[in-house]
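>
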Amino acid sequence: MDGDLLLPALEQLGVTGIPTGWGAELGPPEFDGAVIRTASDYIDDPAGFRAWCVRTASRMPLANPADIVTWNSDKRYLRDLEGAGVATVPTLWVEPGESLGAVPWGRFVVKPAVSAGARSSASYSGSPLTRAREHVAAITAPGGVAMVQPHLPAIDLEGEVGVYVIGGEVSHAIRKAGVLRPGAPPTSDLSLGHRQRVVPDLVGEEHARFARAVLDRVPGGADRLLYARVDVARGERGELLLLELECIEPRLFLEHAPARAGAVAAAFAGWLARAAGGVGHNGCR
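Its first residue numbered 67, the sequence shown is counted upward by one per residue in this note's numbering.
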């Protein structure tokens, strides 16, 4: 995991990283700042997680900022980015009280707007739409928002690429295989994400340029972010499309880019020094 490489690199810079659960009440003098690292269980209590971020940020610097975390915790942020000119995957949004009508794609994916690790997500093909509509209803009945998107054939052929931007610099990239299979029921846990095949990838200029353009359209601008992962895949015309922007707790997969651990640690330490006024040496994740 990331900590095996990141924590020693931070120690070399005089920063102690202490893994701590996100529900803990953190602040000075024990800690000088908090960097969210592994909190995918926030989807079980998104409101509680967002409130914790706000409380923590009121006591000490938090990365990423609490308002960005709130914005990014619901995939309806994709509508904001699309409105700002980012090329995204076409999406049908089904709000509570609505039902899924016609779907213009032969193969498509249904997932919640608040999700992680492909939980409660499934792929469908053809008609009738009975199972897909039942899936959408299961998401919206308790008040959730459902997303319906076309399956991108490129994901089967070449996977999706995640580009990491840390401390304002494009750091490294990974390539992830698709995990959803037509006909498989949605899972109730994060197992699909945990089993996803991930390999290192080179950062091409096209992908780097696209990632920077996405982050420039984050509320307040890219400079507010300590870290982000921009997930992209190619559309039917070969164009890059934004699948997801992860500004909350992207796993960095430093085991696939160990040479970047020092630079990532330096970015974290630099953020802490600036945000905390240059005092203290304790961080948490």
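Every residue, glycine too, gets a C-beta built ideally from N, C-alpha and C.
Roughly how many whole angstroms lie between the Cα atoms of R351 and K141?
Looking up residue 351 in the sequence shown gives position 285. Looking up residue 141 in the sequence shown gives position 75. For R351, the predicted structure reports a pLDDT of 45, less than 50, and the residue's modelled location is therefore unreliable. A value from the coordinates is still provided. One C-alpha to the other measures close to 23 Å.
> Can you name the start and end residues of the alpha helix (DSSP H) that R290 belongs to?
Walking along the sequence shown from the start, residue 290 turns up at place 224. Note, R290: premise wrong, no alpha helix (DSSP H); not H, not E.
> Less than 9 Å between the C-beta atoms of T122 and A132, yes or no?
Mapped onto the sequence shown, residue 122 falls at position 56. Mapped onto the sequence shown, residue 132 falls at position 66. Cβ distance < 9 Å, so T122 and A132 count as in contact.
> How would you label E302, buried or exposed, when you count the other beta carbons within 10 angstroms and need 16 or more for buried?
Taking the first residue of the sequence shown as position 1, residue 302 is located at position 236. Exposed.
> Should D267 go down as buried or exposed, given a rule of 16 or more other Cβ atoms within 10 Å for buried?
By one-based count along the sequence shown, residue 267 stands at place 201. That one is buried.
> So the candidates are A168, G244, A188; which of them puts its Cα closest to the Cα of L195?
On the sequence shown, residue 195 is found 129 positions in, with the first residue counted as 1. That would be A168, whose Cα lies nearest to the Cα of L195.
> Measure from the C-beta of I221 to each C-beta in chain B and report whether the shortest distance is under 9 Å.
Absent here is chain B; the protein component of the structure consists of one chain.
> Note the first and the last residue of the continuous beta strand (DSSP E) segment covering G114.
Counting from one through the sequence shown, the residue named residue 114 turns up at place 48. Element bounds for G114: not the beta strand (DSSP E) but the alpha helix (DSSP H), 112 to 125.
> Helix, strand or coil: which one does DSSP assign to T206?
On the sequence shown, position 140 is the one that residue 206 refers to. Helix at T206.
> With a threshold of 7 Å on Cβ separation, who are the neighbours of A277 within its own chain once the five nearest residues in sequence on each side are excluded?
Taking the sequence shown and counting its residues from 1, the one referred to as residue 277 is at position 211. Contacts found: V229, V231, V236, V296.
> Express the C-alpha separation of S139 and S181 in angstroms, rounding to a whole number.
If you number the sequence shown from 1, residue 181 lands on position 115. If you number the sequence shown from 1, residue 139 lands on position 73. Distance between the alpha carbons of S181 and S139 is about 8 Å.
> So who's on the other strand from I232, going by DSSP bridges?
Counting from 1 along the sequence shown, the entry for residue 232 is found at position 166. Answer by DSSP bridge pairing, in chain order: E235, Y293.
> Whose C-alpha, out of A239, H238, R261, is nearest the C-alpha of L246?
By 1-based counting over the sequence shown, the position of residue 246 is 180. For the residues A239, H238, R261, the minimum Cα distance to L246 belongs to R261.
> In whole angstroms, what is the alpha-carbon distance linking P251 and P162?
On the sequence shown, residue 251 is found 185 positions in, with the first residue counted as 1. On the sequence shown, residue 162 is found 96 positions in, with the first residue counted as 1. Cα-Cα distance, rounded: 22 Å.
> Over what stretch of residues does the alpha helix (DSSP H) that includes R275 continue unbroken?
Taking the first residue of the sequence shown as position 1, residue 275 is located at position 209. It spans 271 to 282 - the alpha helix (DSSP H) in which R275 sits, taken as one unbroken run.
> Would you tell me roughly how many angstroms separate the C-alpha atoms of G270 and T136, rounded to the nearest one?
Counted from its first residue, the sequence shown places residue 270 at position 204. Counted from its first residue, the sequence shown places residue 136 at position 70. Taking the straight line from one Cα to the other gives about 30 Å.
> How many angstroms separate the CA atom of G192 from the CA atom of E272?
Position 126 of the sequence shown, counted from the start, is the residue given in the question as residue 192. Position 206 of the sequence shown, counted from the start, is the residue given in the question as residue 272. In a straight line, the C-alpha of G192 is about 34 Å away from that of E272.
> Taking its Cβ as the centre, do 16 or more other Cβ atoms sit within 10 Å of R103, making it buried, or is it exposed?
Here residue 103 corresponds to residue number 37 of the sequence shown, with the count starting at 1. So R103 ends up on the buried side.
> For the beta strand (DSSP E) holding F174, just list the boundary residues, first then last.
The residue given as residue 174 occupies position 108 in the sequence shown. 173 to 178 is the extent of the beta strand (DSSP E) around F174.
> Would you mind stating whether A129 and L308 have Cβ atoms separated by less than 9 Å?
As a first step, residue 129 is located in the sequence shown; it is residue number 63 there, counting from the start. As a first step, residue 308 is located in the sequence shown; it is residue number 242 there, counting from the start. It is not a contact, given that the beta carbons lie outside the stated cut-off.
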